[in-house]
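Residue 37 is where the sequence shown starts when you use the numbering used here, and the numbers rise one by one after that.
Note that the Cβ used here is the ideal one computed from N, Cα and C, for glycine as well.
These notes are about the structure you will find just below.
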Amino acid sequence: MKWLNKIFDRIELGSIYKLHLNTLSHYEKKQFYNKVEVPTSDKFIFIGIPIFISLLLIISGLQFNNNYVNIGLTCLSIFTGLLFTLLAIVLGVINENNKINIDELLPHKRKKYKATFELTNHLFINIAFSLVVSVLAIFIVLLTQVYPKNIIILLKKYFDYYLFRDIYLYTINFIAFFLIIEFLLLLMMIIKRFTLIFLNQIE
């Protein structure tokens, strides 16, 4: 597996996922026990809620058609472009923060600086992970409209085509709904963290 990891090292995204989880980790356990553990509340928000809503949408019979695909791809493309812009802005803020000499700050400002610095770094990682989710969502949404003729002919000849079709459509639509809802929740978290940084700056 090591040789496979080396081949895909340039496009490997698992590290971004791990860094994202690290931004959600329980603060006290991370600081005092060096243990990265995602709080139960975050697991419920970012895993439980998307799964629950996606299941409701699938059970209700909602699936992506051409109109939904066009709307979904347009919205995801707009937000993806916006996130790339935000990524550049946050990177600029991080570079400016790195120029500050913390030893020259007053004691009460050091704590604020450290909090802002850590939150800004977390924000950069969250935006990067959101971009990964949005790209995956775009790809999966497109897969809901795939119609491979040759494969369909083989399925009709040797297998129960309609069973495979239904399983595929339910599965791919569920994943598409899950990723879109996950993306929206991540956007809400990013907005919240931007707000916290702003409030920390004006205090």
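Between the CA atoms of residue j and residue i - distance to the nearest angstrom
i, j, result
"I211", "S170", "12 Å"
"I85", "K150", "32 Å"
"L178", "K135", "44 Å"
"F214", "I89", "8 Å"
"V74", "F120", "26 Å"
"I94", "D202", "12 Å"
"P184", "T110", "24 Å"
"L206", "F234", "Looking at the sequence shown, residue 206 is not Leu but Tyr. Straight-line Cα distance between these residues: approximately 42 Å."
"N162", "H56", "6 Å"
"L118", "K192", "44 Å"
"S96", "I208", "15 Å"
"T187", "N102", "Checking the sequence shown, residue 187 turns out to be Ile, not Thr. Cα to Cα, the separation comes out at about 22 Å."
"G108", "I83", "21 Å"
"Y198", "I217", "28 Å"
"R229", "D45", "30 Å"
"K54", "I47", "15 Å"
"Y104", "N133", "42 Å"
"L190", "D196", "10 Å"
"A124", "K79", "29 Å"
"V182", "Y204", "10 Å"
"K65", "Y194", "Because the pLDDT at K65 is just 49, under 50, the model does not fix this residue reliably, and the value given afterwards should be weighed accordingly. Distance between the alpha carbons of K65 and Y194 is about 55 Å."
"F200", "L122", "41 Å"
Residue from the options with nearest C-alpha to residue i
i, options, result
"E154", "Q181, I52, E73, L232", "L232"
"F165", "V129, D45, S51", "S51"
"S77", "S61, L91, L92", "S61"
"N106", "Y53, F175, Q237", "F175"
"I87", "D196, F219, F230", "F219"
CB of residue i within 8 Å of CB of residue j, strictly
i, j, result
"L127", "I226", "no"
"T156", "I130", "yes"
"A173", "L98", "no"
"N236", "K148", "yes"
Beta-carbon separation (whole angstroms), residue i vs residue j, contact threshold 8 Å
i, j, result
"I81", "L223", "Not a contact, Cβ separation roughly 13 Å."
"F100", "T180", "4 Å"
"L91", "V168", "Between V168 and L91 the Cβ distance is about 23 Å, and since that is not below 8 Å, they are no contact."
Inset, instruction - Output the residue ranges of the alpha helix (DSSP H) runs that lie fully inside the stretch 177-237 and measure 4 residues or longer, sorted by chain position. - result: At a cut-off of 4 residues, the continuous stretches assigned as alpha helix (DSSP H) that sit fully inside the stretch 177-237 are 185-194.
- Item | Runs of alpha helix (DSSP H) wholly within the stretch 51-131 (minimum 4 residues, chain order) | The stretch 51-131 is shown to contain whole alpha helix (DSSP H) runs of 4 or more residues at 63-69, 76-79, 85-95, in chain order.
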